[in-house]
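Trainee: I am attaching a structure below and will ask some questions about it afterwards.
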């Protein structure tokens with residue numbers, strides 16, 4: 004089963020502790036976070052869906068990002084989300100929000116860019132059944 008929602012908010016923040024990139028809409032959100040680029044400690048990419056109970060490190064098998072969509076395939080269960088295999092998010096981001104997400108997500112995926120694919124509008128592959 005895949006979780007489907009529409010995000011009309013998105014952004015990226017970086018400070019001396021962490022990098023955080025996320026999208027949100029309708030009371031749902033996905034955040035991708037990582038220790039700061041110059042941090043001596045790096046636990047990898049943390050993915051969270053609507054709260055800490057639905058978050059973990061090392062769960063992302065693939066991520067596809069385009070101006071109109073964000074699709075995440077899970078390699079294993081994310082937190083308490085039994086049966087969820089991924090997320091399909093329709094993006095309706097503003098002119099300032101889209102570049103922040105587009106440019107920020109590769110920073111979070113540093114060292115794991117093989118998991119992140121940028122797509123053109125209308126070219127995202129069919130992710131399968133939706134919830």
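In this note's numbering, the protein residues as written are 4 to 134. The beta-carbon is built from N, C-alpha and C at its ideal position, and this holds for glycine as well. Note that this is a predicted model, so its numbers are computed, not measured.
Whole angstroms is fine: what's the gap from residue 113's alpha carbon to residue 13's?
Mentor: Numbered from 1 along the chain shown, position 110 holds the residue referred to as residue 113. Numbered from 1 along the chain shown, position 10 holds the residue referred to as residue 13. Rounded to the nearest angstrom, the two C-alpha atoms are 19 Å apart.
Trainee: Below 8 Å on the Cβ atoms is my guess for residue 38 versus residue 56; work out the distance and round it to an integer in Å.
Mentor: Numbered from its first residue, the chain shown carries residue 38 at position 35. Numbered from its first residue, the chain shown carries residue 56 at position 53. Between residue 56 and residue 38 the Cβ distance is about 21 Å, and since that is not below 8 Å, they are no contact.
Trainee: On the DSSP letters alone, give me the boundaries of the alpha helix (DSSP H) that residue 103 sits inside.
Mentor: Translated into the one-based positions of the chain shown, residue 103 becomes position 100. Residue 103 -> alpha helix (DSSP H) spans 100–111.
Trainee: Given a cut-off of 8 Å, decide if residue 92 and residue 72 are closer than it, judged by their beta-carbon atoms.
Mentor: Residue numbering aside, residue 72 sits at position 69 when the chain shown is read from its first letter. Residue numbering aside, residue 92 sits at position 89 when the chain shown is read from its first letter. Yes.
Trainee: Assign residue 81 to one of three DSSP states: helix, strand, or coil.
Mentor: Within the chain shown, numbered from 1, the residue matching residue 81 stands at position 78. In the structure shown, residue 81 sits in coil (DSSP, three-state: anything other than H, G, I, E or B).
Trainee: For residue 135, which of helix, strand or coil comes out of DSSP?
Mentor: Because the chain is modelled from 4 through 134, residue 135 falls outside the range shown and cannot be assessed.
Trainee: Report yes if the CB atom of residue 11 is closer than 8 Å to the CB atom of residue 30, and no otherwise.
Mentor: Position 8 of the chain shown, counted from the start, is the residue given in the question as residue 11. Position 27 of the chain shown, counted from the start, is the residue given in the question as residue 30. Against a cut-off of 8 Å, the Cβ pair of residue 30 and residue 11 comes out as no contact.
Trainee: From residue 82 to residue 69, what does the alpha carbon distance come to, in whole angstroms?
Mentor: Walking along the chain shown from the start, residue 82 turns up at place 79. Walking along the chain shown from the start, residue 69 turns up at place 66. Cα to Cα, the separation comes out at about 26 Å.
Trainee: Just verifying my parser: in three-state terms, what is the DSSP assignment at residue 10?
Mentor: Position 7 of the chain shown, counting from 1, holds the residue named residue 10. Strand, per DSSP.
Trainee: Starting from residue 26, trace the beta strand (DSSP E) both ways and give me its first and last residue.
Mentor: Locating residue 26 in the chain shown gives position 23, where the first residue counts as 1. It spans 21–28 - the beta strand (DSSP E) in which residue 26 sits, taken as one unbroken run.
Trainee: Is DSSP giving residue 17 helix, strand or coil here?
Mentor: Walking along the chain shown from the start, residue 17 turns up at place 14. Reduced to three states, the DSSP call for residue 17 is strand.
Trainee: Determine the direct distance from the alpha carbon of residue 42 to that of residue 23, and round the result to whole angstroms.
Mentor: In the chain shown, the residue the question calls residue 23 occupies position 20. In the chain shown, the residue the question calls residue 42 occupies position 39. Roughly 14 Å separates the two Cα atoms.
Trainee: So residue 66 is in the beta strand (DSSP E); what residue range does that whole segment cover?
Mentor: In the chain shown, residue 66 corresponds to position 63, counting from 1. That run of the beta strand (DSSP E) goes 63–69.
Trainee: Spatial neighbours of residue 96 within its chain, please: CB distance less than 6 Å, with the 5 preceding and 5 following residues excluded, ordered by chain position.
Mentor: Here residue 96 is taken as the residue at index 93 of the chain shown, counted from 1. Taken in chain order, the residues that qualify are 13.
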